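Since the structure comes first, as structure tokens, the remarks are kept for the end.
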Amino acid sequence: MKKPHGHTALEFSLMLPLFLFAAMAVTEFGWFYLHQHVLQYATREGMRVGLLGVTLEDESNNPLTREKSIVKAINDQTFSVMKIDPSKIWIFPVGSDYSDPTSWDTNPVNAGAGGAYMRVRVQYEHQFLTPFLDTFFSHSGSGIILAAEGTYRNEDF
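If you read the sequence shown in numbering that gives the first Met the number 0, its first letter stands for residue 0, the second for the next number, and so on.
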């Protein structure tokens, strides 16, 4: 080492990619974590509406069905963070052993009668912020499917 000129620039150029990768990884994890927890929270709120037999109102103050009230409660909780596709929200009764019925994903939504055991299942396609990480964790850039579900018993209403 005869002259220390340029050592700082060399060290900076070696460390900058590692620092940027770490910063983006933390940002991506935070984005993923936010989506997962908002999805879980919204699903719980939809279940609360469902188990109480509550019906909400639309923007024109018209009463909604119980099924649409559950979907609205879920979308109301996620509106500022993500958009849930209504076709990715399933509401269906479960068996006495808590198993899913056959064709649960193609049957029409059904909030059930009082005392029935029900399940709400929600899926969301999480998109990464950076295309670099998207190539590692998703299939052909389609994102990762996040899911939240809960089983509850309807109150006697």
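The beta-carbon is built from N, C-alpha and C at its ideal position, and this holds for glycine as well. Owing to the predicted nature of the structure, the values given are computational and were not obtained by experimental measurement.
How is the beta strand (DSSP E) around residue i delimited, first residue to last?
| i | result |
| --- | --- |
| Met117 | 116-125 |
| Ala112 | It is not in any beta strand (DSSP E) - Ala112 carries neither H nor E in the DSSP assignment. |
| Phe91 | 88-92 |
State the DSSP-derived secondary structure class of residue i, mapped to helix, strand or coil.
| i | result |
| --- | --- |
| Phe26 | The amino acid at residue 26 is misidentified as Phe; the sequence shows Thr. Here Thr26 sits in helix by DSSP. |
| Glu58 | coil |
| Pro16 | helix |
| Glu66 | helix |
| Ile144 | strand |
| Gly52 | coil |
Using the C-alpha atoms, what's the distance from residue j back to residue i?
| i | j | result |
| --- | --- | --- |
| Asp133 | Glu27 | 10 angstroms |
| Ser79 | Glu44 | 15 angstroms |
| Lys87 | Asp96 | 24 angstroms |
| Ala72 | Leu19 | 38 angstroms |
| His4 | Ala22 | 29 angstroms |
| Pro62 | Phe156 | 17 angstroms |
| Asp84 | Thr7 | 51 angstroms |
If contacts are defined as beta-carbon pairs under 8 angstroms, then residue i and residue j qualify, I think. What distance do you get, rounded to the angstrom?
| i | j | result |
| --- | --- | --- |
| Gly52 | Ile90 | Not really, about 13 angstroms apart at Cβ, beyond 8 angstroms. |
| Val119 | Met46 | 5 angstroms |
| Pro92 | Ala115 | 5 angstroms |
Could you spell out where the alpha helix (DSSP H) holding residue i opens and where it closes?
| i | result |
| --- | --- |
| Leu128 | Per DSSP, Leu128 belongs to no alpha helix (DSSP H) and is neither H nor E. |
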